[in-house]
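Trainee: Numbering (my numbering), first residue to last: 5 to 130.
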Amino acid sequence: MERSQFFSAQAGRFIEMPRHARARFGIGDVVRHRMFDFRGVVFDVDPVFSNSEEWYEAIPEDIRPRRDQPFYHLLAENEDSSYVAYVSQQNLLPDAQGGPVDHPNVTELFEDFRNGRYKMRRSLTH
5 MERSQFFSAQ AGRFIEMPRH ARARFGIGDV VRHRMFDFRG VVFDVDPVFS
55 NSEEWYEAIP EDIRPRRDQP FYHLLAENED SSYVAYVSQQ NLLPDAQGGP
105 VDHPNVTELF EDFRNGRYKM RRSLTH
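And the structure:
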């Protein structure tokens, strides 16, 4: 299998990954966590785990996700607060609620919510 690598500033190291990775969700998709009660909008996708070792080791071993799958950066919300989440593909589902995400930073990254997903601001795309 062909491999590639990229530097992750968040992890502080080079990350090795398959040359081709398949993400189930895209930027602007609204998703829900499989086990925990929160939902969010995807604003970035890492092809494989690209966070710090400390972050990974802090997850209880019995629910720790595999590293070799896409991980998603979410503007997330639950009943109590809004925050940024980093979630493995295996722990995300499409959001059946279908409504917008109530996160204070949504308007900084996205300009429109239509048909269950957000459109990224044109000034942020390339």
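Glycine included, C-beta positions come from ideal geometry on N, C-alpha and C.
These numbers were taken from a predicted model, which means no experiment stands behind them.
Rounded to whole angstroms, what's the CA-CA distance from residue 80 to residue 41? Just pull it up for me.
Mentor: Mapped onto the sequence shown, residue 80 falls at position 76. Mapped onto the sequence shown, residue 41 falls at position 37. Between residue 80 and residue 41, the C-alpha separation is close to 10 Å.
Trainee: Which of helix, strand or coil does DSSP assign to residue 110?
Mentor: Position 106 of the sequence shown holds residue 110. Reduced to three states, the DSSP call for residue 110 is helix.
Trainee: Buried or exposed for residue 44, going by 16 or more other Cβ atoms inside 10 Å?
Mentor: For this step, residue 44 is matched to residue 40 along the sequence shown. By the neighbour-count rule (16 or more Cβ atoms within 10 Å), residue 44 is buried.
Trainee: Once the 5 residues before and after residue 125 are set aside, which same chain residues still bring their CB inside 7 Å of it?
Mentor: Taking the first residue of the sequence shown as 1, we reach residue 125 at position 121. Cβ neighbours of residue 125 beyond the five flanking positions: 113, 114, 115.
Trainee: Under three-state DSSP, which class holds residue 68?
Mentor: Within the sequence shown, numbered from 1, the residue matching residue 68 stands at position 64. Reduced to three states, the DSSP call for residue 68 is coil.
Trainee: Quick check on the DSSP output: what are the complete alpha helix (DSSP H) runs of length 4 or more inside the stretch 29–88, in order along the chain?
Mentor: 57–61
Trainee: Please report how far the alpha carbon of residue 107 lies from the alpha carbon of residue 123, in whole angstroms.
Mentor: Position 103 of the sequence shown, counted from the first residue, corresponds to residue 107. Position 119 of the sequence shown, counted from the first residue, corresponds to residue 123. Taking the straight line from one Cα to the other gives about 15 Å.
Trainee: Which class does residue 126 belong to by DSSP, given the choice of helix, strand or coil?
Mentor: Position 122 of the sequence shown, counting from 1, holds the residue named residue 126. Reduced to three states, the DSSP call for residue 126 is helix.
Trainee: Give the C-beta separation of residue 97 and residue 36 to the nearest angstrom, bearing in mind that I take them to be a contact with Cβ-Cβ under 8 Å.
Mentor: As a position in the sequence shown, residue 97 is number 93, starting the count at 1. As a position in the sequence shown, residue 36 is number 32, starting the count at 1. Indeed they touch by this definition, with Cβ atoms about 5 Å apart.
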